[in-house]
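One structure below.
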Amino acid sequence: MKLDMLFELQPKPQPWSKPHPYGQREAEQIVYYEALEQVKLADRMGFGTVWCVEHHFREGRSACPSNESVLAAMSQITENIRIGFGVSLMPPGFQHPARVAEKVATVDILSRGRVEWGTGRSTPMEQLAFHVPSDDRSRAMWKEAVEFVVEAWKNETVSWDTDLIKFPNRMQTPKPYQDPHPPCWLAAASETSARSAGLYGLGLLSFALFQPVAAMKATIDVYRKAQKEATEQLTGVKNDRVGVYTLVHCTDDLDEAADYGLWESVTWWYRHNAEFTLKWELPNLTQEEQDAVFPLLRPSIEGKIDVQKYTNEDMIIIGEPEQCLEKILRYAEAGVDQLLCYCQFGDLPHEKIMRNIELLGTKVVPELEKRGHRVDYSRLAG
1 MKLDMLFELQ
11 PKPQPWSKPH
21 PYGQREAEQI
31 VYYEALEQVK
41 LADRMGFGTV
51 WCVEHHFREG
61 RSACPSNESV
71 LAAMSQITEN
81 IRIGFGVSLM
91 PPGFQHPARV
101 AEKVATVDIL
111 SRGRVEWGTG
121 RSTPMEQLAF
131 HVPSDDRSRA
141 MWKEAVEFVV
151 EAWKNETVSW
161 DTDLIKFPNR
171 MQTPKPYQDP
181 HPPCWLAAAS
191 ETSARSAGLY
201 GLGLLSFALF
211 QPVAAMKATI
221 DVYRKAQKEA
231 TEQLTGVKND
241 RVGVYTLVHC
251 TDDLDEAADY
261 GLWESVTWWY
271 RHNAEFTLKW
281 ELPNLTQEEQ
291 DAVFPLLRPS
301 IEGKIDVQKY
311 TNEDMIIIGE
321 PEQCLEKILR
331 YAEAGVDQLL
341 CYCQFGDLPH
351 EKIMRNIELL
361 GTKVVPELEK
371 RGHRVDYSRL
381 AG
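The opening position of the sequence shown corresponds to residue 1 in UniProt numbering, with each subsequent residue numbered one higher.
The following block contains the structure:
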């Protein structure tokens, strides 16, 4: 297993120190500058990939709508860490797939072939804003848009004429650094999407958070089974890796961490995320369906679960180095190749996040490497 970093660029929670819009501006600027410092340290500490989301209008949750810009900046201050789009929103209402091809290829060149290309469909909040269908029609849109990007990368020119995409014959430039192109992933919030990732030869991006490790493993098992049934490879690079994200905080002293608001930050993040998920990501599901996908979602909103339950069941990874290693190894046993560490959450001080990254890099990463839990990235180089 490799440890990765995941950034949503979440500004510190309100209330801010200044009136609108100055408080918002300051909080957003600070989280960007701190993220750059954090990824520089993660690169030195041996982390595998840094992932940045593409989210729009996520008030209080994410200030990262242009991940290609952030990733391009990160590529220039790092040397080894891979550069992950986590993800590109692919239905054409968000942006034409020709633009996706250009942006991802540009970052691949700037990083000298370090890009990992995650793809996804987004959530109803963003889909409605950009007039993208929020039902299963977006699955077909995602697939066709990915196909367009891959064709633009592989061929000298690309043209397209379907009901969804009409595009005259043009040379897509630049082409990616990696040959034939960066590895592709699919973000999956359901077993249906995990199965699609397996059938199409894509890496799987999933999560723990609102489900025990056993439930996460069930999704991974669906993905692995689908891989064996695959008859169609969607891209030119087969990717069989599983990446899972969760909150991660490694500390010298867990008692001290309580003094700087660790558990309050976990609680804030869970409540905020649960409310958003229920309102915008699962609005069309019945209560029974919601409970099947996220069994602890509604209890989290209602405040009926002690945050210790999340760490006791390894849905999040919090503790001193030995405790974190023990929990991380359980993820490896469940079939996770890359753990996307979400470290910048709640109201955690920047210096404590930096110490978290340092402890993971000096105490945990070497132990993972000793045990052989390591992804070989050299085989992906173009």
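C-beta atoms are modelled at their ideal positions from N, C-alpha and C, and glycine is treated no differently.
request  = Return the chain-ordered list of same chain residues with a C-beta closer than 6 Å to the C-beta of S75, the five sequence neighbours on each side being excluded.
outcome  = I83, L110 and S111
query = Can you tell me where the beta strand (DSSP E) with F210 in it begins and where it stops?
reply = Premise fails: F210 is in no beta strand (DSSP E) and is neither H nor E.
ask   = How would you call D376, buried or exposed, if buried means at least 16 neighbouring beta carbons within 10 angstroms?
value = Note that D376 scores a pLDDT of 46, beneath 50, so its modelled location is shaky and nothing firm can be said.
Candidates L325, V149 and M354: closest to E369 by CA position = L325
Cutoff 8 Å; reference P11; Cβ partners in own chain excluding five residues on either side = Here the set comprises Q24, A27, E28, I30, V31, G60 and A63.
task = Could you say which of P124, A226 and M1 lies nearest to S134 if we only look at CA atoms?
result = The residue with the shortest Cα to Cα distance from S134 is P124.
message = Between which residues of its own chain and V213 is the CB-CB distance below 8 Å, once the five residues before and five after are set aside?
response = E313, D314, M315, R330, Y331 and A334
key: contact_flag[the region 96-105, the region 150-165] where n(CB pairs < 8 Å) is 3 or more   = yes
request  = Go ahead and label E229 buried or exposed: buried means 16 or more other beta carbons lie within 10 angstroms of its beta carbon, across all protein chains shown.
outcome  = exposed
ask   = For the candidate residues R241, Q211 and T235, whose alpha-carbon lies nearest to that of Y223?
value = R241
query = Within this structure, are the beta carbons of Q338 and D4 separated by less than 8 Å?
reply = Note that the C-beta distance between Q338 and D4 is below 8 Å.
ask   = Which residues mark the beginning and the end of the beta strand (DSSP E) in which Q338 is found?
value = Q338 to Y342
query = So, are the CB atoms of E8 and F57 less than 8 Å apart?
reply = no
task = Give the single residue among V248, I165, E156 and V53 whose Cα lies nearest to the Cα of Q323.
result = V248
task = For R379, collect the residues of the same chain with a Cβ closer than 6 Å to its Cβ; drop the 5 residues on either side in sequence, then sort them by chain order.
result = Residue confidence for R379 is low, a pLDDT of 40 falling below 50, so the modelled location carries little weight; the figure read from the coordinates is stated next. So the list is empty, once near-sequence residues are dropped.
message = Only counting the same chain, and skipping five residues up and downstream in sequence, which positions put a Cβ closer than 6 Å to that of R114?
response = R82 and I83
inquiry  = Under DSSP, the alpha helix (DSSP H) around V248 begins and ends at which residues?
reply    = Not the alpha helix (DSSP H): V248 falls in the beta strand (DSSP E), residues V242 to C250.
query = How should T231 be labelled, buried or exposed, when 16 other C-beta atoms within 10 angstroms of its C-beta is the threshold for buried?
reply = exposed
request  = Report yes if the C-beta distance between W117 and S88 is below 8 Å; otherwise report no.
outcome  = Closer than 8 Å, so yes.
Residue from A258, H131, P183 and G243 whose Cα sits closest to the Cα of residue 463 = Past the edges of the chain, shown from 1 to 382, lies residue 463, and the structure says nothing about it.
task = From the DSSP output, in three-state form, read off W16 for me.
result = Under the three-state reduction of DSSP, W16 is assigned to coil, being neither helix nor strand.
task = Can you tell me which of the three DSSP states A218 falls into?
result = helix
inquiry  = What does the alpha-carbon distance come out to for the pair C184 and P19?
reply    = 42 Å
inquiry  = What does DSSP give as the partner residue(s) for F276 in the beta ladder?
reply    = BP columns for F276 are empty, so no partner.
request  = Give a yes or no on whether the C-beta atoms belonging to C250 and P366 are separated by under 8 Å.
outcome  = no
query = Which of the three DSSP states, helix, strand or coil, is assigned to A27?
reply = helix
ask   = T119: which of E68, Y177 and E302 sits nearest, CA to CA?
value = E68
ask   = Considering only residues of the region 134-194, which uninterrupted beta strand (DSSP E) runs meet the minimum length of 3 residues and lie entirely inside it, listed in chain order?
value = Qualifying beta strand (DSSP E) stretches, in chain order: 158-161, 166-170 and 184-187.
ask   = N239 to G201, Cα distance in whole Å?
value = 6 Å
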